[in-house]
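Positions 698 to 846 (this note's numbering) are the ones given, in order, by the sequence shown.
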Amino acid sequence: MKEFFTNNDEETMEFAEKLGELLQPNQVVTLDGDLGAGKTTFTKGLAKGLGVERTVNSPTYTIVKEYRGRMPLYHMDVYRLEDSEEDIGFDEYFSGEGITVIEWSDYIRTYLPERYLKIQMKKISADERQILLQPIGEEYEKLIEELQQ
Ligand code: ADP
Ligand code: MG
């Protein structure tokens, strides 16, 4: 587990952008943390790192939004699936060439793939955030090492 801190939303986006630049096809990133922790802000930066030019907004009312970058980005917010056990075809997203980012992934724990990068965000103060990165699977350990360089 690696711990990072950011002092404003720009720093979070820059950090996430670096991650977006390093991501490889088929990788999955989960984002958990309270409302306002910065999950969507993080996703905006990640999308930029993937070369997405459109503005990324919270997909709360659609569950999945798709963007085009150097590979597809599937941005999910599964908040509304809490306790519903509904499978919206997660495997198809996880098995494709695209990158999947899942906000509130705890709500779909049973559908998560075997390997993914688990990110927990926590609000420390109005502008400070703690970002915890936990690799689930070896390829994500390497990714975190690259991110630190
Ligand atoms: P979530 O998707 O987790 O509900 P959002 O990214 O939508 O969170 O909202 C985070 C809010 O906190 C935004 O208004 C953002 O500008 C603000 N913010 C302040 N400091 C930070 C920071 N260090 N990192 C990310 N967001 C921050
Ligand atoms: Mg959000």
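All residues carry an ideal CB built from backbone N, CA and C; glycine is no exception.
For a test of the three-state rule: what should DSSP assign to E750, helix, strand or coil?
The three-state secondary structure of E750, taken from DSSP, is coil.
Strictly by DSSP, which residues pair up with R765?
Residue pairing of R765 in beta bridges, as defined by DSSP: P769.
Cutting at 8 Å between CB atoms, please list the residues of its own chain near D803, excluding the five before and the five after it.
Here the set comprises D729.
Anyone know if the C-beta pair for L720 and I796 falls short of 7 Å?
Yes. Within cutoff.
Express the C-alpha separation of K839 and L778 in angstroms, rounding to a whole number.
Between the alpha carbons of L778 and K839 lies a distance of about 31 Å.
Taking buried to mean at least 16 other C-beta atoms within 10 Å of its own C-beta, is I821 buried or exposed?
With fewer than 16 Cβ atoms within 10 Å of its Cβ, I821 is classed as exposed.
What residue range does the beta strand (DSSP E) around M710 cover?
No beta strand (DSSP E) holds M710; the alpha helix (DSSP H) holding it covers 706-719.
So, with DSSP's three-state summary, where would you put R826?
In the structure shown, R826 falls within a strand segment according to DSSP collapsed to helix, strand and coil.
DSSP three-state call for I785: helix, strand or coil?
For I785, the three-state secondary structure derived from DSSP is coil.
Does the distance from the C-beta atom of G742 to that of G766 stay below 7 Å?
In this structure, the beta-carbon distance from G742 to G766 does not fall below 7 Å.
What's the C-alpha gap between G834 and L814?
Each residue's Cα considered, the two are about 8 Å apart.
Spatial distance of E763 from A823 (CA atoms):
If you take the alpha carbons of E763 and A823, they lie about 30 Å apart.
For the ligand ADP, is there a heavy atom less than 6 Å away from the beta-carbon of K839?
Relative to the ligand ADP, even the nearest heavy atom lies 6 Å or more away from the CB of K839.
K699 and L809 closer than 7 Å at C-beta
L809 sits away from K699, with the two beta carbons spaced by 7 Å or more.
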